[in-house]
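The letter at position 213 of the sequence shown is residue 243 when you use the working numbering, and the numbering goes up by one with no holes.
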Amino acid sequence: MNIILLAPPAAGKGTEAQILTKEYSIPQISTGDLLRGATEKGDALSNEIKLIMEQGKLVSDEIIIELIKNRINEEDCKNGYILDGFPRTINQAEKYDEMLEEIGNKIDYVFAIDIDKSIASSRITGRRTCPNCNRIYNVNSDKLKPRNENLCDDCNIELKHRKDDNAETYEKRYNAYLEETAPLINYFEKKNILYHIDGNVDMCNTHKQIKDIID
Ligand code: AMP
31 MNIILLAPPA AGKGTEAQIL TKEYSIPQIS TGDLLRGATE KGDALSNEIK
81 LIMEQGKLVS DEIIIELIKN RINEEDCKNG YILDGFPRTI NQAEKYDEML
131 EEIGNKIDYV FAIDIDKSIA SSRITGRRTC PNCNRIYNVN SDKLKPRNEN
181 LCDDCNIELK HRKDDNAETY EKRYNAYLEE TAPLINYFEK KNILYHIDGN
231 VDMCNTHKQI KDIID
């Protein structure tokens, strides 16, 4: 089962992907997480990627396609996966379609999480991530806050606040979404695999809408 989660930044893609991963035993592939991992190398390319991310711009399609190609060919992806943050441009979607065609695979569901910009942006101040397991928390939400202040429930290490989770960068990320990613809604609608999900509700309700469609 191959699933794509399509939504503006901070709409809850990552949180939803982490619930689906547990429920259907298929991995979450977050290009944002893969890139954040890659930026730790400290070489010229990783520093360049870091800067692009901190500016709220999109990383080049070539780099992203290479990352995805390698990741989906790993053993744990053989029964499917949940794409969180990919594709983000029409070009990425077309390249991904080609990749799947070559290996005789297909996309099963694309869930477009529709959310008001004000609701999504209000979540960024409280969002925290575990640098070890990438689990997402929100210190402003009773359902998503960690048991112990600022510590991952699973790894017991300090949670991080992403550098690009600030109001100014959010605007840029949101605009990049409108310009480059939103056209994918039409792209997948034409293929009859896109389902609209109301993301203006709490995460349990968002998840229920997705689960009802899959089941
Ligand atoms: P995310 O963790 O999905 O919010 O992504 C964080 C940042 O990583 C984005 O603002 C982009 O700079 C970069 N990024 C993640 N996924 C992609 C992608 N598919 N294409 C281009 N840039 C990406």
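Glycine included, C-beta positions come from ideal geometry on N, C-alpha and C.
The region 189-203 touching the region 67-75, judged by at least three CB pairs closer than 8 Å = no
Does the region 141-151 come close enough to the region 34-42 that 3 or more CB-CB pairs lie under 8 Å?
-> Taking 8 Å as the limit for Cβ pairs, the verdict is that the region 141-151 does touch the region 34-42.
Among I223, A142, K193, which has the Cα closest to the Cα of A47?
-> Among I223, A142, K193, the Cα nearest to that of A47 is on A142.
Could you tell me if the beta carbon of F116 falls within a distance shorter than 6 Å of some heavy atom in the ligand AMP?
-> F116 Cβ: within cutoff of the ligand AMP.
Which residue or residues does DSSP assign as beta-bridge partners of N32?
-> Y111
Beta carbon of R88, beta carbon of E210: below 7 Å?
-> Before going on, a small fix: residue 88 reads as Leu here, not Arg. Yes; because the gap between Cβ atoms is below 7 Å, this pair is in contact.
Cα separation between S90 and I82?
-> 9 Å
Which residues in the same chain have their Cβ closer than 6 Å to the Cβ of R95, if we skip the five residues on either side of it in sequence?
-> Residue 95 is actually Ile in this sequence, not Arg. Closer than 6 Å at Cβ, skipping near neighbours: K125.
Straight-line Cα distance separating G86 from I243 | 32 Å
Counting along the chain, where does the alpha helix (DSSP H) carrying Q122 start and finish?
-> 120-132
Straight-line Cα distance separating G110 from G134 | 13 Å
Segment limits, beta strand (DSSP E) that includes R158 | 157-159
Enclosing beta strand (DSSP E) for D144 [first to last residue] | 139-144
S60 classed as buried or exposed, judged by whether at least 16 other C-beta atoms fall within 10 angstroms = buried
Hey, Y217 and A123: beta-carbon distance below 7 Å or not?
-> yes
Please indicate yes or no: does the CB of T159 lie closer than 6 Å to some heavy atom of the ligand AMP?
-> For the ligand AMP, not one heavy atom lies less than 6 Å from the Cβ of T159.
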